[in-house]
Amino acid sequence: MLLRFFSLILIFCSTAIYADCRAPIKMAALTWESGQFTSALIKQILELGYDCEVTEISGSSAAQENAVIQNDLQLIAEVWVGRSEVLQQGLDQQKVQLVGNTLQGGAQQGWYIPAYLQQQYPDLTDLDSLSQYAHLFVTGTTTEKGRFLNCPTGWACQTFNQRLLENTGLLKDYQAVLPGTGAALDAEIASLYQQKKPILFYYWQPTGFMAKYNFVPIQFPAYREKCWNELLNARSQNRCVSGFPSSTLSVAVSQDFAKQNPEIIKFLEKIQLTPEQLNLAILEMTEQHRPPQQQAEIFLQQHPALWSKWLSPNAAEKMQHALQPAIPAGNWQFNKQFYFPDWDIQQFLNTKTKSVVDVLATPLRQVSAAIQRYMVQPVITLLIVVPAWLWIVLTGLLAWHSSRQIWFAMLSMFGLFVIGAFGLWAALIQTTALLFCAVLLTVIVGVPVGIWMAFHPRSYRVLQPVLDVMQTMPSFVYLIPILMLFGLGYVPAVFATMIYAIAPLIRLTALGITQIDSEIRESAEAFGTTPRQRLFWVILPLARPSMMVGLNQTVMMSLSMVVLASMIGAPGLGENVLIAIQTLNVGQGLESGSAIVILAIIIDRISQAYGRKRGQPNA
343 MLLRFFSLIL IFCSTAIYAD CRAPIKMAAL TWESGQFTSA LIKQILELGY DCEVTEISGS
403 SAAQENAVIQ NDLQLIAEVW VGRSEVLQQG LDQQKVQLVG NTLQGGAQQG WYIPAYLQQQ
463 YPDLTDLDSL SQYAHLFVTG TTTEKGRFLN CPTGWACQTF NQRLLENTGL LKDYQAVLPG
523 TGAALDAEIA SLYQQKKPIL FYYWQPTGFM AKYNFVPIQF PAYREKCWNE LLNARSQNRC
583 VSGFPSSTLS VAVSQDFAKQ NPEIIKFLEK IQLTPEQLNL AILEMTEQHR PPQQQAEIFL
643 QQHPALWSKW LSPNAAEKMQ HALQPAIPAG NWQFNKQFYF PDWDIQQFLN TKTKSVVDVL
703 ATPLRQVSAA IQRYMVQPVI TLLIVVPAWL WIVLTGLLAW HSSRQIWFAM LSMFGLFVIG
763 AFGLWAALIQ TTALLFCAVL LTVIVGVPVG IWMAFHPRSY RVLQPVLDVM QTMPSFVYLI
823 PILMLFGLGY VPAVFATMIY AIAPLIRLTA LGITQIDSEI RESAEAFGTT PRQRLFWVIL
883 PLARPSMMVG LNQTVMMSLS MVVLASMIGA PGLGENVLIA IQTLNVGQGL ESGSAIVILA
943 IIIDRISQAY GRKRGQPNA
């Protein structure tokens, strides 16, 4: 017993002597592919070679960078040097330190087109030729202008890409479209590439995406540092044009962490991958649907000569021991079949979805273009043509007519005035157009389905589980297939919103009809009414309160999708919220969020008032 005690003491002491970590490490969980792989690579080395306890924390880039400044996070495995104002503030305050150069030659960025398009149009090579071929990139969402797919919403590249369009005179021929997220951008490019459609887009590398597809860059003038700094400033009036610089990829660590862990800093200073190594690792990770941790472990097993140069002899020895014997791919943590049968259906669903997209993407995108042109765009045009003051007055009159309360009418008008004073009137119009189209389609589909279910109880029992799934499924899930089938913009957002919000309207329409007293129906039939007359003159008027409650819930659920819809390129108030999240702009977030709240309250109160019988008190 005594011998065992002393053995434990020796083990503890030896661990304390050789452990290189002074405290647990919290590092940023990055969302882009190269960042995910690099994070997993560093995390495994810290855990296996330096006996560190590492936890990954999710969040937006700006939030993670601010957390490193505050030492709430200790490490971000990949930052693009010079691209973040938040991180630059931390550097200026000497609270953050950039360590190493993780990618040999730096990261590249630019505007790209598919190689097959350049083969078809050999002159399409540079900025001068883009104006000549703008017609190739016209879509249903951009009407008469070519579409340029900008970078994910809220990224710094959003600013300089817009500036480049302005300064090159291409803004008259092209419209920059924000895709929302990086995943949405990838899905849109991949879908169009498979259809051999023209695409003009901004992208960057290292990524597996660029290794998978054959893209060629649009030629720009040479890089000029002074001009580039002007392009990064959205308020600058300088009309210069510059090519894209190479960006150094470094590891960001808090200053406190750097002081306390000199051995780890030495390792981070040495880590470096070639573009070929990183692109191939990312491509394997995405193609094989491997978790970043698994791909990192496979990489470490395949390249011991590489990582052994980065580590101290003691850490390298620990790594070598930890990686032996080699763990087969797929068993990186434990063999799950030991506990459960392998029922993973991801690969099956992905394959089937791709097959469906290959067949339906082209016709559905034509449908999307038609809906955009003949439904969404006229609504937007109508809302824009009517002066803001007239919309405010009309809203006030509608609020008074529904409630017969002058104070509610005045507050509604003041709320819209506040939104305009925030500089968000254009975004309000876009959100209102999206909401109107989504609710209109929901009513067109949902009310007839609800009526059918009310008169056919068997169909209700069949459809009820479907409605349960539609109401409980996370709303993010709707965005994936909708994006792949319909592309970016208003129309996919309308359909995603419709699917998410239609269930309560169907349920409450059916409920309102089934709750009508059978004697009333029999009386109407006894008076010789036809089925159609009974439906429109008796049943639907009596079911109206329940149907209006369903419509009210549909509208509120549609509004809750506004921010999510911005993730697939739908402009409006949600886009402003997404930008605020990405840039950690508290003021912009509060203004945009308040605008959504004001709009929701106005619509909610008006729809509730019309759903009540005249003279019935407020709930």
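The sequence shown finishes on residue 961 if you use the numbering used here, and the numbering steps up by one all the way, no holes.
Just so it is clear, CB atoms sit at the ideal spot from N, CA and C, and this is done for glycine as well.
Remember, predicted model here, so these are calculated numbers, not experimental data.
Any idea if residue i is buried or exposed, counting beta-carbon neighbours within 10 angstroms, 16 or more meaning buried?
i	result
residue 487	buried
residue 750	buried
residue 685	exposed
residue 928	exposed
residue 904	buried
residue 716	exposed
residue 659	exposed
residue 776	buried
residue 739	exposed
residue 419	buried
residue 692	exposed
residue 729	exposed
residue 528	buried
residue 708	exposed
residue 731	exposed
residue 670	Residue placement at residue 670 is flagged as unreliable, the pLDDT there being 47, under the threshold of 50; the coordinate-derived value follows with that caveat. Exposed, because fewer than 16 other Cβ atoms sit within 10 Å of the Cβ of residue 670.
residue 414	exposed
residue 815	exposed
residue 891	buried
residue 489	buried
residue 345	Low confidence applies here, because residue 345 scores a pLDDT of 43, under 50, leaving its location unreliable; read the following figure in that light. It counts as exposed.
residue 944	buried
residue 951	buried
residue 397	exposed
residue 386	buried
residue 913	buried
residue 724	exposed
residue 870	exposed
Please state whether the Cβ-Cβ distance between residue i and residue j is less than 8 Å.
i	j	result
residue 968	residue 501	The chain is shown from 343 up to 961; residue 968 falls before or after that span and cannot be answered.
residue 440	residue 592	yes
residue 560	residue 472	yes
residue 796	residue 866	no
residue 826	residue 699	yes
residue 923	residue 885	no
residue 665	residue 643	yes
residue 850	residue 888	yes
residue 451	residue 546	yes
residue 431	residue 368	no
residue 744	residue 940	no
residue 833	residue 919	no
residue 900	residue 781	yes
residue 507	residue 516	yes
residue 762	residue 519	no
residue 624	residue 376	yes
residue 962	residue 510	The chain is shown only over 343 to 961; residue 962 falls outside these bounds and no answer can be derived.
residue 653	residue 661	yes
Under the DSSP definition of a beta bridge, which residues are partnered with residue i?
i	result
residue 594	418 and 440
residue 368	397
residue 546	451
residue 558	455
residue 589	449
residue 810	Bridge partners of residue 810: none, in fact.
residue 468	561
residue 615	445
Enumerate, from N- to C-terminal direction, the unbroken beta strand (DSSP E) stretches of 3 or more residues contained entirely within the stretch 397-461.
As far as the stretch 397-461 is concerned, its whole beta strand (DSSP E) runs of at least 3 residues are 417-422, 438-441 and 450-456.
In chain order, each alpha helix (DSSP H) run of at least 4 residues that lies wholly inside the stretch 473-532
Within the stretch 473-532, the alpha helix (DSSP H) runs of at least 4 residues that lie entirely inside it are, in chain order, 499-509.
Hey, is the stretch 855-863 in contact with the stretch 562-572, meaning 3+ C-beta pairs nearer than 8 Å?
Counting Cβ pairs under 8 Å, fewer than three are found: no touch.
Which runs of the alpha helix (DSSP H) spanning at least 4 residues fall entirely within the stretch 621-675, listed in chain order?
You should have 634-644, 646-649 and 655-664.
Quick one: which unbroken alpha helix (DSSP H) runs of 4-plus residues sit fully inside the stretch 880-940? Chain order, please.
Counting only runs of at least 4 residues, the stretch 880-940 fully encloses the following alpha helix (DSSP H) elements, listed from N- to C-terminal order: 882-902, 904-907 and 915-925.
Segment contact flag, the stretch 454-462 with the stretch 543-560, C-beta cutoff 8 Å, min 3 pairs
Per the Cβ contact rule, the stretch 454-462 is in contact with the stretch 543-560 (3 or more Cβ pairs under 8 Å).
Residue ranges of each alpha helix (DSSP H) within the stretch 683-768, 4 or longer:
Entirely contained in the stretch 683-768, the alpha helix (DSSP H) runs reaching 4 residues are, in chain order, 688-713, 719-727, 730-745 and 748-763.
With three or more C-beta pairs closer than 8 Å as the rule, is the stretch 519-535 touching the stretch 577-584?
Contact between the stretch 577-584 and the stretch 519-535 is absent, because fewer than three Cβ pairs lie under 8 Å.
For the stretch 871-882 against the stretch 828-843, do three or more pairs of beta-carbon atoms, one drawn from each stretch, fall closer than 8 Å, so that the two count as touching?
Contact between the stretch 871-882 and the stretch 828-843 is absent, because fewer than three Cβ pairs lie under 8 Å.
Any contact between the stretch 933-946 and the stretch 763-771? By contact I mean 3 or more CB pairs, one from each, below 8 Å.
Contact between the stretch 933-946 and the stretch 763-771 is present, because at least three Cβ pairs lie under 8 Å.
May I ask you to verify whether the stretch 599-618 touches the stretch 528-539, counting CB pairs closer than 8 Å and requiring at least 3?
Taking 8 Å as the limit for Cβ pairs, the verdict is that the stretch 528-539 does not touch the stretch 599-618.
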